[in-house]
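Heads up: the sequence shown at position 244 corresponds to 600 in the working numbering, and the numbers run straight through without jumps.
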Amino acid sequence: MPRTLDALDAWKTLPIKQQPEYPDPAAVAEVASELTALPPLVFAGEVDTLRARLAEAAAGRAFLLQGGDCAETFSGATADKIRNRVKTVLQMAVVLTYGASMPVVKMGRMAGQFAKPRSSDVETRGDVTLPAFRGEIVNGYDFTTASRQADPQRLLQAYHTSASTLNLIRAFTQGGFADLREVHSWNKGFAENPANKRYEGLAHEIDRAIKFMEACGADFEELRRVEFYTGHEGLLMDYERPLTRIDSRTGEIYNTSSHFQWIGERTRELDGAHVEYFSHIRNPIGVKLGPTTSTDTALALIDKLDPEREPGRLTFITRMGAGRIREALPPLLEAVKASGAQPLWVTDPMHGNGITTPTGYKTRRFDDVVDEVRGFFEAHRAVGTFPGGIHVELTGDDVTECLGGSEQIDEATLATRYESLCDPRLNHMQSLELAFLVAEELEK
Ligand code: PEP
Ligand code: MN
């Protein structure tokens, strides 16, 4: 492990994908030095605690729940929207903890999930072709030349938006809002629906159990605070690198932009810049694995990113698609198990199940999401490995972006409240429904 930040920079000599072209490189360098001088967003000690929590999940003694927007937006960083997302994750976690009788590690795709990989560098509408939207950390969503120009000042705005988002998350989760004795109140403010009703029943049982324990004299100070971690796709190196720091306690290198980063399906080449950079930092790292991942690739990623086989260091987030998971996942699980490695296996049932409606909406069928989750559990049961977590794109708001669920959102309904700038998210109710389903699978 290199002890100076210079030794970390071998990635700069390697091929790199999905980075924007800035018109003025000097302006990027100036912003990078500003970012370098700003305080870290997370503390290395928290990152170490998360690694220990993920090690428990990899060993089958805990479960990881990761959720949040596909692409956060600057204007979406409001108190209401942040609170609704945190509440949704907390409610899902309660359902999972209760169902599985297992600790749930809670992590938002929040406070840093701004950069997006794109399938094309450009977007064409009619006879106009402009640079693709790469997330608000890079350029604007509006389809104009000025807005689609990559602007390095956005790196700073992303940092400050992440800082204020994280501040509110910390306030909620440390200041009493997330106290388990508030389990009912998290349900308030959401429209009445079958999932909320089912949740209400569960909250009632938890309440009774807590009251009983309190009457017996148990001390519930522990219930006041909740550990809540942040993670995002480690994509944009002009952001990730300046926030990489040496921990003054240990001399080790950490990416302090969030507790956890993952490498996306499109940037995980073994000889590419991203894998090289992430091999040098101490944070727990995720890698997305799509349906064409070979066993050799999975094993080589383990060798490169987790040569010491450190518990909790490496998470594989599989996103195979409902139609492929049952044939694509088991061989990977077998090969990794046979190698003696024990990464944490997480399912992302979203990114392999995208479709576009005839009216042009990017969407996903809730049934496909559910089917991929079921396939994930089946594959792990067959091989004897532990299905250790779920990674979903969700929001706490009542959007209409994914088809189906018990509200039976159909193609015509998508238009009523479609707000995502990138991929479609489960709404609050679909998220809770999914949590009940995962809890049932964990109980089997
Ligand atoms: C994402 O998580 O938003 C994403 C782009 O995923 P993937 O790398 O799996 O395509
Ligand atoms: Mn996405």
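For each residue, glycine too, the CB sits at the ideal point set by N, CA and C.
The ligand MN heavy atom lying under 7 Å from the CB of residue i
i: H588; result: no
i: D779; result: yes
i: C572; result: no
i: H801; result: Here the chain has residues from 357 to 800 only, and residue 801 is not among them.
i: H615; result: no
Contact test: residue i Cβ vs the ligand PEP heavy atom, cutoff 7 Å
i: P473; result: yes
i: D436; result: no
i: C426; result: yes
i: D704; result: yes
i: H630; result: no
i: K368; result: no
i: E621; result: yes
i: H736; result: no
i: H784; result: no
i: R680; result: no
i: R721; result: no
Spatial distance of residue i from residue j (CA atoms)
i: C426; j: R465; result: 8 Å
i: S476; j: W701; result: 29 Å
i: A506; j: P379; result: 7 Å
i: G557; j: A456; result: 17 Å
i: L522; j: T434; result: 12 Å
i: F576; j: W542; result: 19 Å
i: F568; j: K443; result: 25 Å
i: T371; j: A385; result: Per the sequence shown, the amino acid found at residue 371 is Pro instead of Thr. Taking the straight line joining both Cα atoms gives about 20 Å.
i: F584; j: V398; result: 12 Å
i: V739; j: F499; result: 48 Å
i: R605; j: M463; result: 25 Å
i: A326; j: I765; result: The question about residue 326 has no answer here: the residues shown for the chain are numbered 357 through 800.
i: G760; j: L790; result: 12 Å
i: L361; j: I609; result: 8 Å
i: S511; j: H784; result: Position check: residue 511 holds Leu in this sequence, whereas Ser was assumed. When rounded, the distance between both Cα atoms is 30 Å.
i: T586; j: G745; result: 15 Å
One or two residues paired with residue i in a DSSP bridge
i: V643; result: I619 and F672
i: R638; result: Answer is none; R638 lacks a bridge partner.
i: Q422; result: M463 and H747
i: W542; result: Partner(s): none; W542 has no beta bridge.
i: G760; result: I765
i: T772; result: Partner(s): none; T772 has no beta bridge.
i: K368; result: Per DSSP, none; premise fails for K368.
i: R407; result: DSSP lists no partner for R407.
i: K718; result: T712
i: P487; result: V478
Residue i classed as buried or exposed, judged by whether at least 16 other C-beta atoms fall within 10 angstroms
i: M357; result: For M357, the predicted model reports a pLDDT of 45, less than 50, meaning its position is unreliable; a value from the coordinates is still stated below. Exposed.
i: K800; result: exposed
i: Q422; result: buried
i: S787; result: buried
i: S776; result: buried
i: P381; result: exposed
i: A414; result: buried
i: V403; result: buried
i: L599; result: buried
i: E666; result: exposed
i: E683; result: exposed
i: L645; result: buried
i: D594; result: buried
i: D483; result: exposed
i: L626; result: exposed
i: V478; result: exposed
i: E377; result: exposed
Endpoints, the alpha helix (DSSP H) within which residue i is located
i: H736; result: F722 to V739
i: R526; result: Q509 to Q530
i: V384; result: P381 to A393
i: V794; result: H784 to E799
i: V494; result: Where V494 is concerned, there is no enclosing alpha helix (DSSP H), given that its DSSP letter is neither H nor E.
i: I681; result: I681 to S695
i: H577; result: The sequence shown places Glu at residue 577, not His. Premise fails: E577 is in no alpha helix (DSSP H) and is neither H nor E.
i: L592; result: First-last for L592: undefined, no H or E at that position.
i: P550; result: P550 to A571
i: T703; result: Element bounds for T703: not the alpha helix (DSSP H) but the beta strand (DSSP E), L700 to T703.
i: R537; result: Element bounds for R537: n/a, residue is neither H nor E.
Endpoints, beta strand (DSSP E) assigned at residue i
i: E444; result: Sequence inspection shows Thr at residue 444; the Glu mentioned does not correspond to that position. No beta strand (DSSP E) contains T444, which is instead part of the alpha helix (DSSP H) from A435 to A456.
i: N611; result: I609 to N611
i: R711; result: Sequence check: residue 711 is Ile here, not Arg. Note, I711: beta strand (DSSP E), G710 to T712.
i: Y585; result: F584 to E589
i: R481; result: V478 to R481
i: T600; result: T600 to I602
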